[in-house]
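Written below as structure tokens is the structure these notes are about.
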Amino acid sequence: MVIGAAFTLVVTNVVDNVLNPLIAGLVGEPNFDTVLSFQIGDALVMPGTVITALINFLLVALALYFVVVTPMNKFNERRQAGAEEEVEEQILLLREIRDSLAAQNAPGTPGTGAPGPANLAGPTV
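The numbers in the sequence shown follow the numbering used here, run straight up by one, and end at 186.
In structure tokens:
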């Protein structure tokens, strides 16, 4: 929770001190609060505040995506690749064990007790 609050502060400062001045350089105002407003009777309608809130939301979402989501996806990809290699090694080892056991228990192999071609006739009386 503390890290989340600190991260929120970082993102807010990036938006307020870096991105909003860039918008101000392009548009002339750091936000659209007063740029897009009109009056109907005595009421002041300010759709610019909604546009400013949407832009701030998109900027925060982009910052979160590139700072949190993208690195976590890369981390998960690397972890999955390591897990797949480990599973492949285990499968190869299990196949070797299976083949070794099959070779030991093959018919006619001395010392296994399995009947070979000479033992198929059964015991001699």
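Even for Gly, the Cβ is constructed at its ideal location relative to N, Cα and C.
In this text, all values refer to a predicted model and were calculated from it rather than measured experimentally.
Query, Result
"Residue 105, enclosing beta strand (DSSP E) - first and last residue", "104-106"
"Host beta strand (DSSP E) of residue 127 (start-end)", "Unbroken run through residue 127: none, as it is neither H nor E."
"6 Å Cβ shell around residue 90 - same chain, five flanking residues per side excluded", "96"
"Distance between residue 63 and residue 86 (C-alpha atoms, nearest Å)", "34 Å"
"Exposure label - residue 76; buried when at least 16 CB within 10 Å", "buried"
"Per-residue DSSP class, three states only, for residue 68", "helix"
"The region 152-163 touching the region 97-105, judged by at least three CB pairs closer than 8 Å", "no"
"Helix, strand or coil at residue 93 [DSSP, three-state]", "coil"
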